[in-house]
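Taking it in order: structure first as structure tokens, then the write-up.
There are 2 protein chains.
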Amino acid sequence: MTADRAVETLSYPAPATALDLVERGLERGALVTLFGTCTVEYEGRAASSLGPGDRHVMLKPDGAALVHTDEGQQPVNWQPPGCDHAVALADDALVVTSDRSTPDEHLEVTFETVTHAAAFDGTDPEDLALTGTEADLKDRILEDPALVEAGFTPLATERETPAGAVDIYGEDDAGRTVVVELKRRRVGPDAVGQLDRYVGALRRDLHADTDVRGILVAPSVTDRARQLLAEKGLEFVAVEPPGR
Amino acid sequence: MTADRAVETLSYPAPATALDLVERGLERGALVTLFGTCTVEYEGRAASSLGPGDRHVMLKPDGAALVHTDEGQQPVNWQPPGCDHAVALADDALVVTSDRSTPDEHLEVTFETVTHAAAFDGTDPEDLALTGTEADLKDRILEDPALVEAGFTPLATERETPAGAVDIYGEDDAGRTVVVELKRRRVGPDAVGQLDRYVGALRRDLHADTDVRGILVAPSVTDRARQLLAEKGLEFVAVEPPGR
DNA sequence: TTCTTCATCTCGAAA
DNA sequence: TTTCGAGGTGAAGAA
Chain A
8 MTADRAVETL SYPAPATALD LVERGLERGA LVTLFGTCTV EYEGRAASSL
58 GPGDRHVMLK PDGAALVHTD EGQQPVNWQP PGCDHAVALA DDALVVTSDR
108 STPDEHLEVT FETVTHAAAF DGTDPEDLAL TGTEADLKDR ILEDPALVEA
158 GFTPLATERE TPAGAVDIYG EDDAGRTVVV ELKRRRVGPD AVGQLDRYVG
208 ALRRDLHADT DVRGILVAPS VTDRARQLLA EKGLEFVAVE PPGR
Chain B
8 MTADRAVETL SYPAPATALD LVERGLERGA LVTLFGTCTV EYEGRAASSL
58 GPGDRHVMLK PDGAALVHTD EGQQPVNWQP PGCDHAVALA DDALVVTSDR
108 STPDEHLEVT FETVTHAAAF DGTDPEDLAL TGTEADLKDR ILEDPALVEA
158 GFTPLATERE TPAGAVDIYG EDDAGRTVVV ELKRRRVGPD AVGQLDRYVG
208 ALRRDLHADT DVRGILVAPS VTDRARQLLA EKGLEFVAVE PPGR
């Protein structure tokens, strides 16, 4: 990048002109965007084809590629970070490709018209500070175990079992083993199945005379999940994640 | 939009000038992008804060908002479709907000410097044609049920049970009920739990003398999932999804 | 690398 | 509207 120009743009460029901007942008580690009429082909874990339309393409210096239409939060096509971007001319069309291996994946965007091209140079030193996650809910429970039930004593977090790591492992006031599974939001049947796997694994792992209780801690449960909890002999306690 | 200008751009605009472009762009249903130094605050299902840095902001006419850094496939902050975008000036800073209710969510991007602003007008009449999905795998099995096992007869798809809909419901050559759960990729313990829920629900639903087999059909399984299958008395058959 | 689980998951379909 | 499961899920942390 040049020190005095953090952005370089072109409107209605000739394909060769756009090619030059994109090539130089990728070369210097800029974030490159294109808007125009294009088709998109993808082949890799699956395969897709997208006919002509106006879309926004973003090529990131870390190798990520995103193709956005004017609708939806998710890109219509993409490539994850670590891909190699390339740009070329084919029959007067600008062709952008992004490839990777393991797994082999190929994305190809062919612009019949480039409406706009840009290369942005910038830095972002900041990390996102996020609250209200499952980790925050765990901290809240550990600070005040009575939120689960009076007399509950946490003994370990992320305790390993043959079925995976338990969110909070502890015991109740009668000395019975307690497995707590945490969810930051309303839960369905999948979370019950997860808790049941941990409880089952611990029942097999510990001595046969050990009683194991399973408690699902979340803001709320669906009807089907509640029924499943009853069938499996598991419990539910309503707790909101902190941080609003 | 004007018929002869499908894109409108500004480089290093004064805040008031950028405000004007963004307001008009949102008004006419254009896709609006901004690049510059900004801070981002979010509050809703969770809450987050992001200090100053250079980011790319995209406002879609359907109400989606995306904030991208130069790294990662996922936006660092976002708002789903259906939100109301607004833009304003505050102390000579350009402030972009995006709000929705149910749930109440608020996103606020404050630009200390706007490097670039653009409004794109376009249309996208095409739908993505995707192959290699679970639906394609289902079609493949229905065309050739012997891929599951010789003598397997599909009787229904999406058959409802108290635990949810079964991918393929059928019977084997001995007349036993068979529940097939399909996955387009290598499966872990979660898929086994899902199949087990369906099998359990059907065992309760059908007469007690009915034997119910559960078969997981996927390209491959993890070790832990295979062990879980054995514990639950469930089966696995390796089948690749078609397409490619 | 693979495995496992979380996610402001998103998205679509069905009830 | 809520519920449920798929997704080219992505991303993080651990083995």
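Residue numbers (this note's numbering), protein chains in the order written: chain A, 8 to 251; chain B, 8 to 251. The C-beta atom is built at its ideal place from N, Cα and C for all residues, glycine as well.
query: GLU167 (chain A) versus ASP180 (chain A): straight-line alpha-carbon distance, rounded; result: 23 angstroms
query: Where the alpha helix (DSSP H) containing VAL39 (chain B) begins and where it ends; result: Segment 38-50 is the beta strand (DSSP E) holding VAL39 (chain B); no alpha helix (DSSP H) there.
query: Rounded separation between ALA208 (chain A) and ALA170 (chain A) - CA only; result: 6 angstroms
query: Nearest candidate by alpha-carbon position, reference LEU154 (chain A), set A:LEU38, A:THR140, A:ALA21, A:LEU189; result: A:LEU189
query: Minimum Cβ-Cβ distance from ASP69 (chain A) to chain B less than 9 angstroms; result: yes
query: Interface flag, PRO257 (chain A) vs chain B, CB-CB below 9 angstroms; result: Residue numbering for chain A in the displayed model covers 8 to 251; residue 257 (chain A) lies beyond these limits and cannot be assessed.
query: Pairwise C-alpha distance: ARG147 (chain A) and VAL244 (chain A); result: 14 angstroms
query: Contact under 9 angstroms by Cβ, THR40 (chain B) with HIS63 (chain B); result: yes
query: Cβ neighbour criterion (16 or more within 10 Å) applied to THR109 (chain B); result: exposed
query: Three-way DSSP call (helix, strand, coil) for GLN86 (chain A) in this model; result: strand
query: Reduced DSSP secondary structure (H/G/I, E/B, other) of ASP61 (chain A); result: strand
query: Neighbour flag for THR16 (chain A) against chain B, beta carbons, 9 angstroms; result: yes
query: Cutoff 8 angstroms; reference GLU238 (chain B); Cβ partners in own chain excluding five residues on either side; result: none
query: Whole-angstrom distance between ARG211 (chain A) and VAL173 (chain A), CA atom to CA atom; result: 15 angstroms
query: Partner residues on chain A for ARG62 (chain B), Cβ-Cβ distance less than 8 angstroms; result: GLY129, ASP131
query: Cβ-based contacts, 9 angstroms cut-off: residues of the segment 134-151 of chain B near chain A; result: ASP134, LEU135, ALA136, LEU137, THR138, GLY139, THR140, ASP143
query: Exposure label - ALA23 (chain B); buried when at least 16 CB within 10 Å; result: exposed
query: Per-residue burial, HIS214 (chain A) [other beta carbons within 10 Å of its own, 16 or more giving buried]; result: exposed
query: Near-chain A residues of the segment 184-207 of chain B - C-beta to any C-beta below 9 angstroms; result: ARG191, ARG192, PRO196, ASP197, VAL199, GLY200, GLN201, ASP203, ARG204, GLY207
query: Sequence-distant residues of its chain with Cβ nearer than 6 angstroms to ARG193 (chain A) (five each side left out); result: PRO226, SER227
query: Chain A contact residues for PRO88 (chain B), given Cβ-Cβ distances below 9 angstroms; result: GLU78, GLY79, GLN80
query: Spatial distance of LYS145 (chain B) from PRO132 (chain B) (CA atoms); result: 28 angstroms
query: Cβ of VAL228 (chain B) within 9 angstroms of any chain A Cβ; result: no
query: Interface flag, HIS92 (chain A) vs chain B, CB-CB below 9 angstroms; result: no
query: The segment 114-126 of chain B / the segment 29-44 of chain B touching (three or more Cβ pairs under 8 angstroms); result: yes
query: Listed by chain order, chain A residues near SER55 (chain B) by CB distance under 8 angstroms; result: LEU135, ALA136, LEU137, THR138
query: GLY89 (chain A) burial status per 10 Å Cβ neighbour count (16 or more: buried); result: exposed
query: Contacts that GLY250 (chain B) makes with chain A (C-beta to C-beta distance below 7 angstroms); result: ALA53, ALA54
query: Proximal residues, the segment 98-131 of chain B versus chain A, C-beta separation under 7 angstroms; result: THR122, HIS123, ALA125, PHE127, GLY129, THR130, ASP131
query: Nonlocal neighbours in the same chain, by C-beta distance under 8 angstroms from PRO82 (chain A), ignoring five residues either side; result: LEU73, VAL74, HIS75
query: C-alpha gap between PRO68 (chain B) and THR122 (chain A), whole angstroms; result: 18 angstroms
query: Minimum Cβ-Cβ distance from GLU238 (chain B) to chain A less than 9 angstroms; result: yes
query: Whole-angstrom distance between THR117 (chain A) and ALA93 (chain A), CA atom to CA atom; result: 12 angstroms
query: PRO249 (chain A) (DSSP reduced to helix, strand or coil); result: coil
query: Under the three-state DSSP convention, the category LEU96 (chain A) falls into; result: strand
query: Rounded separation between GLY221 (chain B) and GLN86 (chain B) - CA only; result: 40 angstroms
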